[in-house]
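Chains as they are written, first to last, in numbering that gives the first Met the number 0: chain C, 0 to 285; chain S, 0 to 589.
For every residue, glycine included, the Cβ atom is placed at its ideal position computed from N, Cα and C.
Reading through the structure tokens given below for one structure.
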Amino acid sequence: MTAALLMVLVVIGSLLFHFLNPWRITPIASNWTFIDDTLGITFVVTTFGFVAVILFMAYCLYRFRHQPNSRAAYEPENQKLEMWLGAVTTVAVVILLAPGLLVWGQFITVPKDAMEIEAMGAQWQWSYRFPGADNRLGATDVRFIDTSNPMGINPNDPNGQDDRIVTNGDLHVPIGKPIKMLLRSIDVIHDFYVPEIRAKMDLMPGLVSYFWFTPTKAGQFDVLCAAFCGIGHPQMRSKIIVESESDFQAWLAQQQTFAQSRKADAARTKHATASDQEKPAREVQQ
Amino acid sequence: MTDAAFEDDVREPPPAEVEELELYHPHSWLTRYVFSQDAKVIAIQYGGTAIAIGLVALVLSWIIRLQLAFPGAFSFIDANHYYQSVTMHGMIMVVYMLTALFLGGFGNYLIPLMVGARDMVFPFVNMLSYWVYLLAVLVLSASFFVPGGPTGAGWTLYPPQAILSGTPGNDFGIILMLASLILFIIGFTMGGLNYVVTVLQGRTRGMSLMRMPLSVWGIFAAAVMALLAFPGLFVACVMLLLDRTLGTSFFMPSIVEGGEQLKYNGGSPILFQHLFWYFGHPEVYIVALPAFGIVSDLISTHARKNIFGYRMMVWAIVAIGVLSMVVWGHHMYISGMNPFFGFVFAITTLAIAIPTAIKVYNWVLTLWRADIHFTTPMLFALGFLVTFVNGGITGLYLGNVIVDVPLSATLFVVAHFHMVMGVAPILVIFGAIYHWYPKITGRMMDETLGKIHFWITFLGAYAIFFPMHYLGVVGVPRRFYELGETSFVPASAVALNVFITMAALLVGFAQVIFFYNLYRSYFHGKPAGGNPWRATTLEWQTPETPPGHGNWGDEQPVVYRWAYAYSVPGADKDYAPQNEPPSSRAGVSS
Chain C
0 MTAALLMVLV VIGSLLFHFL NPWRITPIAS NWTFIDDTLG ITFVVTTFGF VAVILFMAYC
60 LYRFRHQPNS RAAYEPENQK LEMWLGAVTT VAVVILLAPG LLVWGQFITV PKDAMEIEAM
120 GAQWQWSYRF PGADNRLGAT DVRFIDTSNP MGINPNDPNG QDDRIVTNGD LHVPIGKPIK
180 MLLRSIDVIH DFYVPEIRAK MDLMPGLVSY FWFTPTKAGQ FDVLCAAFCG IGHPQMRSKI
240 IVESESDFQA WLAQQQTFAQ SRKADAARTK HATASDQEKP AREVQQ
Chain S
0 MTDAAFEDDV REPPPAEVEE LELYHPHSWL TRYVFSQDAK VIAIQYGGTA IAIGLVALVL
60 SWIIRLQLAF PGAFSFIDAN HYYQSVTMHG MIMVVYMLTA LFLGGFGNYL IPLMVGARDM
120 VFPFVNMLSY WVYLLAVLVL SASFFVPGGP TGAGWTLYPP QAILSGTPGN DFGIILMLAS
180 LILFIIGFTM GGLNYVVTVL QGRTRGMSLM RMPLSVWGIF AAAVMALLAF PGLFVACVML
240 LLDRTLGTSF FMPSIVEGGE QLKYNGGSPI LFQHLFWYFG HPEVYIVALP AFGIVSDLIS
300 THARKNIFGY RMMVWAIVAI GVLSMVVWGH HMYISGMNPF FGFVFAITTL AIAIPTAIKV
360 YNWVLTLWRA DIHFTTPMLF ALGFLVTFVN GGITGLYLGN VIVDVPLSAT LFVVAHFHMV
420 MGVAPILVIF GAIYHWYPKI TGRMMDETLG KIHFWITFLG AYAIFFPMHY LGVVGVPRRF
480 YELGETSFVP ASAVALNVFI TMAALLVGFA QVIFFYNLYR SYFHGKPAGG NPWRATTLEW
540 QTPETPPGHG NWGDEQPVVY RWAYAYSVPG ADKDYAPQNE PPSSRAGVSS
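Below, the structure is given as structure tokens:
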């Protein structure tokens, strides 16, 4: 009796919590409203299943509780009923799966006109790279990484010279244009995660992964790492700023190209080595 | 050789065989209680060790919860400790507690008794299995005391971070973890072969496969799966150990760490994930299938009704076992593997929901027109149903590849797997202990304490993990030592975290009631008799309680019927033990 009642209360409590709690999915800021729709369908179908099963159970607990002289029925199986239940479940699974797979099909089909942006993860910071006027990103390799080339861009690849790079900074993107994020890590596994965009993907060292989205809402959103990447994992942050095309172009023009950063760095190194060479000279004099 | 001599050989076993049986009986305290080859003693050893190390994992979960509710408030929890606690809690609970307790504990106790065997078929190997397991637990525990502490790589131990300096415990902790897992798998393989061969070869006369109790079916299927799945983890551990100690590059591509090029080159971190989850997903069902089996028997016995659709239940176990070997990729939807795999693994994963749902229907349909006794084991079985259905349906979110994308790596995942493979199987373990304790000790556990323990544990655990899903929906990522400043998490989430932590502490401390009950009942419990639950299965029909060595006295039982002859129309009592001769024959003999 008590058990039946408490089980009903568990169901009612769960439903009330679902409808009354203040913890909701974030307002979407990308084209992936279909993902939210699929989530919605899944919620309706599964809630129906949960409520039906537990309430049926609670009813049985009340109705068939032990009473003096009561005796259970004997029914080893009922193949017709089992077939029906199996068929209904199969239909429910198809209702969940079919839209899910359709949306997944879209998710992995990148529009041809998508703008390519590279995000690079390193313990524990984000860097970004935009193709220059040639619209092509230069080749990269971990072996090219040094202090003057933190993203490991191949210095001999002409495509890479005009790439604009943002090291350990924020990402600006234009609103309304499809973007293909190319994801690369130079050390451990990271994951480019912006809750409002819905899409996310790992940065797997040794390969370049990707996903695409179209920003639909101007504003500033948190970029987090969603794959445990060591002790600094929670601090691996950046921001994505969705703005108008003109604002974006103005910002992009201010970012250094790979060639510029190499030149500036080379000048600095030259200066540094020059002063280094003076030191031993003085020592000799002494 | 004459024909007559040949016949004699068949009728009487050769004298040497009798000697061997004699040799194998314990002759001293040491061989009876410590280096015992009796599956029932090994079961208690496995169970005791698993529960002891499980308690360590329980305390670690408090560290996690305290940090999440009150970030920075406790000086003894820094980021290192947090990640070490998360890692050790997960690994201990999944492998060293749940797997060991279900297969080593319940498997050892129940298989020989339930199939009418005298013992496991390889008693010596069975004993060895436990001692290797104990060694694995000790090696794992040692990592708490080495410089740098235990590994904090997360229980999935993903390279490259697991063996690089940015992760706590990357010097000795990770080596001990890998060594301990290798030992565990060696120990498990010895036990697992025993469980499988005993079920296939050791059944008594009349115990056909389709007369076996579902507990045995569940444990048997899980043991087969474990034998197929653990080698994946084994090779992954060996290769990661080589990467860490000898500098091989199985899982390590070219990497820059702290501005320096490491010597690794050409390895694949995603290969580790495939190997890990090739083990890791079947592992979920290695824990779940024994729970499915045991809960079927608890419900049937305490509802005094045959399990509904026994044959379908058996085939569902087999189907789940087979399908669960081909769904591992759903842990890797966002790993950067070929996106085409998303279609394949989403289909296999959601397909597994069908046999699983059929099991759920058959459990609740068993309650239909039953005669339900609200004993403590029954309550725990009902608690399992609620938490398993709840945790099972959220699997439909995470298995459906596109729905997984926003939810993966958030607290939704943590809530899902705790509900479905943490809370649900542990409720079955409690139910099973209350159910079989009378057979193991000869005394009943206290029902009042049992019921208090149940309601606090069940409602408390539900209060921990049900609301946690919603933090995941908001987008709160898992494995964050502190969330820090974000624009998307409302301040009220902190209040929810405090609530969850309070519930977790309450549930944790409530287990004192259980242990007190275990202890008190051992000395002061009501004497149980041989078959206090009026159950049909063979373990309740032993000549002695607790059963002696060899289980059956002079003669092994003969089985006449299936395990679920409850409330058969026309019978005078509401159960017919499997070994009770049919009434016609009973009439002749009396």
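Item                                                                                                                                                                        : Value
Output yes if chain C places a C-beta closer than 8 Å to the C-beta of Ala585/S; else output no.                                                                            : Its pLDDT being 46, under 50, Ala585/S is placed unreliably by the model, and the measurement read from it follows with that caveat. Chain C, which has no Cβ nearer than 8 Å to the Cβ of Ala585/S, makes this no.
Using a Cβ cut-off of 8 Å, which residues of the stretch 484-498 of chain S contact any Cβ in chain C, in chain order?                                                      : Thr485, Ser486, Phe487, Pro489, Ser491, Ala492 and Leu495
Rank Val55/S, Pro122/S, Ile91/S and Val475/S by C-alpha distance to the C-alpha of Leu192/S and give the top, closest one.                                                  : Pro122/S
Would you verify that the beta carbon of His232/C is, or is not, closer than 8 Å to some beta carbon of chain S?                                                            : yes
How many Å lie between Arg281/C and Phe220/C at the Cα?                                                                                                                     : For Arg281/C, the predicted model reports a pLDDT of 43, less than 50, meaning its position is unreliable and no value from the coordinates is stated.
Is DSSP giving His171/C helix, strand or coil here?                                                                                                                         : strand
If we count Cβ pairs, one from each stretch, closer than 8 Å, do we get three or more for the stretch 312-321 of chain S versus the stretch 216-233 of chain S?             : yes
With DSSP as the reference, please indicate the residues paired to Pro214/C in a beta bridge.                                                                               : Ser29/C
For Gly205/S and Pro581/S, what's the separation of their Cα atoms in angstroms?                                                                                            : 13 Å
Take Gln66/C as the anchor and find which of Arg368/S, Arg478/S and Ser407/S has the nearest alpha-carbon.                                                                  : Arg368/S
Apply the 10 Å Cβ neighbour rule to Asp140/C and answer buried if 16 or more other Cβ atoms are within range, or exposed otherwise.                                         : exposed
Answer yes or no: the CB of Glu282/S versus the heavy atoms of the ligand HEM, is any distance below 7 Å?                                                                   : As presented, the structure is devoid of all ligands, the ligand HEM included, so that no description of it is given.
For Val165/C, which beta-bridge partners are listed by DSSP?                                                                                                                : Tyr127/C
If you draw a straight line from the alpha carbon of Asn305/S to that of Leu213/S, how long is it in whole angstroms?                                                       : 11 Å
When the Cβ atoms of the stretch 190-210 of chain C are set against those of the stretch 24-44 of chain C, are three or more pairs found closer than 8 Å?                   : yes
Within the same chain, show all residues whose beta-carbon is closer than 8 Å to that of Ile63/S, passing over the 5 residues directly before and after it, in chain order. : Tyr81, Ser84, Val85 and His88
What are the residues in the stretch 159-175 of chain S lying within 7 Å of chain C by C-beta distance?                                                                     : Pro159, Gln160, Leu163, Gly165, Thr166 and Pro167
Go ahead and pull the three-state DSSP assignment for Met312/S.                                                                                                             : helix
Against chain C, which members of the stretch 333-348 of chain S pass a CB distance test of less than 8 Å?                                                                  : Ile333, Ser334, Gly335, Pro338, Phe339, Gly341, Phe342, Ala345 and Ile346
Please state the DSSP three-state secondary structure of Ser203/S.                                                                                                          : What sits at residue 203/S in the sequence shown is Thr, not Ser. Residue state, collapsed to three classes: coil.
So the alpha helix (DSSP H) Phe101/S belongs to, where does it begin and stop?                                                                                              : It is not in any alpha helix (DSSP H) - Phe101/S carries neither H nor E in the DSSP assignment.
Which of helix, strand or coil does DSSP assign to Met430/S?                                                                                                                : According to the sequence as given, residue 430/S is Gly; it is not Met. The answer is helix: DSSP assigns Gly430/S an H, G or I state.
If the criterion is Cβ atoms closer than 8 Å, does the pair Met56/C and Leu426/S meet it?                                                                                   : no
Can you check whether the CB of Met324/S is closer than 8 Å to the CB of Pro289/S?                                                                                          : no
Taking the alpha carbon of Val52/C as the reference point, which residue from Leu232/S, Leu366/S, Phe250/S and Ala99/S has its own alpha carbon closest?                    : Leu366/S
Could you check whether the Cβ of Pro531/S sits closer than 8 Å to any Cβ belonging to chain C?                                                                             : no
How close, in whole Å, do the beta carbons of Asp169/C and Lys262/C come, if the pair is a contact with beta carbons under 8 Å?                                             : About 24 Å; that fails the 8 Å criterion.
To the nearest angstrom, how far is it from the Cα of Leu54/S to the Cα of Val506/S?                                                                                        : 13 Å
Can you list, in chain order, the residues of its chain with a C-beta nearer than 6 Å to that of Met251/S? Leave out the 5 residues immediately preceding and following it. : Pro159, Asp242, Tyr263 and Gly266
Determine which residues of the stretch 135-169 of chain C have a Cβ less than 9 Å from any Cβ of chain S, and write them out in chain order.                               : Asp140, Val141, Arg142, Ile144, Asp145, Thr146, Pro149 and Gly151
Can you tell me whether Lys111/C is buried or exposed? The criterion is at least 16 other CB atoms within 10 Å of its CB, across all chains shown.                          : exposed
Three-state secondary structure (DSSP) at Arg236/C?                                                                                                                         : coil
Would you say Glu6/S lies against chain C (beta-carbon separation less than 8 Å)?                                                                                           : Residue confidence is low: Glu6/S scores 42 on pLDDT, short of 50, so the model does not pin down where it sits. Its coordinate-derived value is still stated next. So, not an interface residue.
Which same chain residues end up closer than 8 Å to Arg267/C when comparing Cβ atoms and leaving out the 5 residues on each side of it in sequence?                         : none
Ignore the nearest five residues each way along the sequence and tell me which others in Phe487/S's own chain have a CB closer than 8 Å to its CB.                          : Val473 and Gly474
Is it buried or exposed, Tyr515/S, if we count other Cβ atoms within 10 angstroms and call 16 or more buried?                                                               : exposed
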